[in-house]
Amino acid sequence: MSETTIPSRTTRLAWVKEMPLSVKLAAGFMAMMLFVMVFARVIQPYAFDYINLMSRMTPPLPLPGSSWAHPAGTDTLGRDLFSRLLVGAQTSMLLALLGTCLGAVLGIALGFLAAHKGRLWDEVIMGLVDFQAAMPWFIVALAVLAFLGNSMVIFIAIMALYGWETYARITRGLVISAREQGYALAVRGLGARPRWIYLRHILPNIAGPLLVQLTVNFPATILFETSLSFLGLGIRPPMTSLGQMLGEGRDYLINAWWLAVVPGLTIFFITLSMSILGDWLRARLDPSLEE
Amino acid sequence: MRWVALKTLRAVLTMWLVVTFVFFVLRLSGDPTYILLPDDIDEATRDFYRRLWGLDQPIFVQYWNYLGALLQGDFGISFRNNQDALQLVWERVPKTALLMGASLVVSLLIGLPLGILAALYRDTWIDRLTMSISVFGFSLPNFFLGILLILIFSLNLRVLPSSGSDTWAHLIMPTLALGTYYAAQFARYTRSSMIDVLSKPYMRTARSKGAGRLRRVNLHALPNAAIPVVTILGFRIGDMLGGAVVIETVFAWPGIGRLLTGAVAARDLAVVQCIMILLALTMVLANMITDLVYGWLDPRVRVGGKAGAR
């Protein structure tokens, strides 16, 4: 990039205007999901686990028999699907965000460590990376959750360990090549300590590809959580997540298809939005990485 | 040769780590007799089973015995029906292999041509359309796609069976549900790989020699563009195994995935351990073969040590 001018406020706004429509929609949807993630319990019209056997399996709005009282319909126990959708999305988003961020921090830290210490540390960390890459992690998660019990801590730990190795690999490679570039050498020549060089100078310079990896990892983590919850592990009743709702709805496809389709579509829109945003970020931040 | 030996050593080391992990982590939950036997059983019976399964010995002795048994191909006995765990798993392999093989073939048949087309018509509407389809394809969760397919083709149109594996018709929906994601991925990788190759100097040479467009694409570009796609294929086996577990559950396809979800629900330790180790072995072998094939196709890799930091 040969751009040298510092972007002013107006050019920054222009950059938003230049976004293709699909990216704007994706960003809007993700913003909405983030809002839901924070405020789901505040905006839910009913308590998500409030059972009302008088209004079971009402269909969602445009269908005959639906009502404004339950815009997304109700499930087999008469629970309001819209409220469940909000809380389910909250759970899925929170878990995916937490899992992605923890994994990124772990991977990036280990990547720096491998690049910095070299030799034995490098060998051990890269060995762990190989090990992680060789584990069918989804299957490990299944087994561990079944045998060790379904505690939230274990679930989050498993999600954090999912995908850290990619960050470690990318970071290690980038740090090794960045270290020998002019700016890092200059700062080192000025007598800066390694930690300062890494955090203050190298990390911002390699943040682009890492951010792109984050956008790849996030949908994968959402799918990881929803798949596990779909199979009945991971998030279980009375809690709910999008995958758990879909798994529950699967048993009522004949009578109430929307019980599966509505949460399924929500998962799809989240992963789709993140992929669109990720592609756009990739093209902006890192033209060399275009895949 | 040294390079091959190093790769093999690494693979063996990785497998040892996997076995150790599988042994210890699944034991962290405590005494397996409490998991496997009913709660109201008396202590004498419990002791009997502890001795029978060798659980009365120190954990490291058990670990050592387990390693020794594994090396002889003994994966233990299924606690559920007293059958040899390995044999139990082995019986299911063909079904899963069929499902994964079919998905792979379908995804390549769809993904490669789309990717090539997009690369050849780069930045035109063809490119944009195929890449949009591809984004949709790999954003669609496979289990949701499976359910949509069941809804449409089994419940509404009533043309395809929704569960089982008796006929070829049973294979269609699981294959589509599992393969769509990979078709979309292959389309992307093929596109970027082709774009990369098309800008190489040897493509200009081929053109200046008067080679026609079809000849240039088929003989000069494709073989070179295939290298990174092959690599991706090898590294994706693991994801695909995870996907197969879910899809087999959705469509009641009697493969390893179904066996695993059943064994996990029944806490059948030996079978779960056996499946995890065999799947990890599959992945390690796939990765190693990919590395070797890659190194053989592209000699530059051998010098650089680790194959690609992707």
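Protein chains in written order, with the working numbering: chain H, 16 to 306; chain B, 82 to 391. We put the CB at the ideal spot given by N, CA and C, even for glycine. Note that the structure is predicted; figures quoted are calculated from it, not measured.
Residues of its chain near D137/B, where Cβ-Cβ distance is below 6 Å and the 5 sequence neighbours each way are ignored: R131
Endpoints, alpha helix (DSSP H) assigned at V142/B: I140 to L152
Cβ of W295/H within 7 Å of any chain B Cβ: no
Taking 7 Å as the threshold (C-beta atoms), are S37/H and I291/H in contact? yes
Relative to the ligand PLP, is the shortest distance from any of its heavy atoms to the C-beta of W171/B smaller than 6 Å? Ligands in the displayed structure: none, and consequently the ligand PLP is not present.
Three CB pairs or more closer than 8 Å across the segment 64-74 of chain H and the segment 82-97 of chain B: no
Between L160/H, E180/H and T181/H, which has its C-alpha nearest I171/H's C-alpha? L160/H
For I8/H, three-class secondary structure by DSSP: The shown model of chain H, from 16 to 306, leaves out residue 8/H, and the question about it has no answer.
is_contact[T286/H, chain B] using C-beta, thresh 7 Å: yes
Could you confirm whether any beta carbon from chain B is found closer than 7 Å to the beta carbon of G279/H? yes
If contact is defined by three or more beta carbon pairs under 8 Å, each pair taking one atom from either stretch, is the segment 156-168 of chain B in contact with the segment 347-358 of chain B? yes
Is it true that the CB of I217/H sits closer than 7 Å to the CB of A201/H? no
Using a Cβ cut-off of 7 Å (strictly closer), state whether V327/B contacts chain H. yes
Cut-off 7 Å between Cβ atoms - residues of its own chain near G245/B, not counting five sequence neighbours on either side: H251 and A333
Using a Cβ-Cβ distance cut-off of 7 Å, determine whether M392/B contacts chain H. The question about residue 392/B has no answer here: the residues shown for chain B are numbered 82 through 391.
In chain H, what lies closer than 8 Å to S289/B by C-beta? Here the premise fails: no neighbours, minimum Cβ distance about 27 Å.
Please confirm whether F141/B has its beta-carbon closer than 7 Å to some beta-carbon of chain H. no
Since V345/B meets chain H, which of its residues come closer than 7 Å, beta carbon to beta carbon? L157, A158 and A161
Can you grab the Cα-Cα spacing for the pair A158/H / G323/B, in whole Å? 12 Å
Kindly indicate if chain H contains any beta-carbon less than 7 Å away from that of T312/B. no
List the residues of chain H whose Cβ lies closer than 8 Å to the Cβ of R23/B, in chain order. Summary: the structure shown does not reach residue 23/B, with chain B confined to residues 82 through 391, and so no result is reported for it.
Am I right that P75/H and G93/H are in contact with their C-beta atoms under 8 Å? What's the rounded C-beta distance? That pair is no contact at about 14 Å.
Does the beta carbon of L185/B sit closer than 7 Å to a beta carbon anywhere in chain H? no
Can you tell me which residues form a DSSP beta bridge with T89/H? D95/H
Could you tell me the alpha carbon to alpha carbon distance between L40/H and G218/B, rounded to whole angstroms? 18 Å
Taking CB distances under 7 Å as the criterion, tell me whether A275/H reaches chain B. yes
Determine whether the beta carbon atoms of R339/B and E329/B lie at a separation below 7 Å. yes
Residues that I221/H contacts on chain B, provided the C-beta gap is smaller than 9 Å: Simply none; closest approach about 12 Å.
Consider the Cβ of V93/B: report whether some Cβ of chain H lies at a distance smaller than 7 Å. no
Are three or more beta carbon pairs between the segment 277-286 of chain B and the segment 223-234 of chain B nearer than 8 Å? no
With 7 Å as the C-beta to C-beta threshold (strictly closer), list the residues of the segment 237-255 of chain H near chain B in chain order. L238, T241, S242, F245 and L246
Segment limits, alpha helix (DSSP H) that includes V311/B: L303 to F316
Looking at chain H, which residues of the segment 246-279 of chain B have a Cβ within less than 8 Å of any of its Cβ atoms? R269, Y270 and S273
Any beta carbon of chain H sitting closer than 7 Å to that of A390/B? Caution applies to A390/B, whose pLDDT of 38 falls short of 50 and renders its modelled position unreliable; the value that the coordinates give is listed next. It does; some Cβ of chain H falls within 7 Å.
What residues of chain H sit near G319/B, judged by a beta carbon separation below 7 Å? P151
Near-chain H residues of the segment 227-238 of chain B - C-beta to any C-beta below 8 Å: I228, L229, I231, L232 and L236
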